[in-house]
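All residue numbers for the sequence shown refer to numbering that gives the first Met the number 0, where the first residue is 0 and numbers rise by one.
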Amino acid sequence: MHTHRDRRFPYVELKDVWIKFGDFVAARDVNITIQGGEFFSFLGPSGCGKTTLLRAVSGFLEPSEGVVNIGGQNMAGIGPNKRPTALIFQNLALFPLMAVWENIAFALEVRGVGKAGRRKKADELLELIALPDQGDKMVHELSGGQKQRVAIARALAAEPEVLLLDEPLSALDLKLRQHMRTELRAIQQRVGITCRTTWP
Ligand SMILES: Nc1ncnc2c1ncn2[C@@H]1O[C@H](COP(=O)(O)OP(=O)(O)OP(=O)(O)O)[C@@H](O)[C@H]1O
Ligand SMILES: [Mg+2]
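Written as structure tokens, this is what we have:
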């Protein structure tokens with residue numbers, strides 16, 4: 000298995016992928032290769048199949064035909080929680096009754112990490128998304144762009160090898176969108192650097 004940090008190898012591959020809903024073809028013979036470390040975007044009008052492809056990569060949907068490979072492994076029959084992916088949904092879906100830090104650490108809670116460990120990781124990620132000391136706020140006390148960043152931190156907490164973002168910037172005004180685009184790229188590079196330094 001190639002690692003996602005190795006830029007020489009394709010990390011996510013879609014080969015001859017078709018996705019059908021009954022008679023309706025949502026994805027037609029898609030062939031895409033994404034290298035390790037690459038920042039890759041699907042662009043297209045509403046309804047063209049962007050979300051559908053992300054769901055196929057993350058395992059929420061099996062292609063009708065064709066193959067999804069991650070790290071050289073065929074993902075057929077492997078569910079979303081067994082894949083090295085994290086998908087940030089189009090509608091964000093932060094938990095409104097949890098504090099910001101608890102939202103971020105949710106994946107760790109599911110894995111049975113204790114409260115102190117969860118808080119520590121959440122604080123590190125809050126630092127990363129440039130929201131230090133905001134962990135005790137409730138979700139409704141954040142701006143749109145801050146919520147967006149919390150959703151990203153929550154996905155990163157699971158330490159995914161592939162981070163999938165479904166129009167993470169669509170809810171933002173133009174200025175904030177441009178800012179977040181730069182910030183997302185920076186976060187990706189920062190996380191990449193962290194991974195590399197801790198890699199044996
Ligand atoms: N579960 C489903 N059952 C039937 N049709 C579906 C289903 N999910 C998606 N579709 C259809 O597949 C097409 C692609 O949908 P998808 O959600 O991938 O679009 P999108 O490119 O993400 O659009 P948007 O930019 O509006 O989010 C649409 O025509 C949609 O109606
Ligand atoms: Mg969509």
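Glycine included, each C-beta is placed from N, C-alpha and C at the ideal position.
Query, Result
"Beta carbon shell of ligand 1 at less than 5 Å from a heavy atom", "Phe20, Ala25, Ser45, Gly46, Cys47, Gly48, Lys49, Thr50 and Thr51"
"Where Pro199 falls, given that 16 or more other Cβ within 10 Å makes a residue buried", "Here Pro199 scores only 37 on pLDDT, less than 50, and its place in the model is too uncertain to base an answer on."
"C-alpha distance - His1 paired with Gly36, whole-angstrom precision", "Caution applies to His1, whose pLDDT of 49 falls short of 50 and renders its modelled position unreliable; the value that the coordinates give is listed next. Cα to Cα, His1 sits roughly 12 Å from Gly36."
"As assigned by DSSP and simplified to three states, the class of Trp17", "strand"
"Cβ neighbour criterion (16 or more within 10 Å) applied to Pro95", "exposed"
"Test item: CB-CB of Ala25 and Val16 under 7 Å", "no"
"Of the residues Val29, Pro44 and Arg54, the one placed nearest Val161, counting alpha carbons only", "Arg54"
"Nearest residue (CA-CA) to Ile103, options Arg82, Leu130 and Asn80", "Leu130"
"C-beta contact flag for Pro159 and Thr50 at 7 Å", "no"
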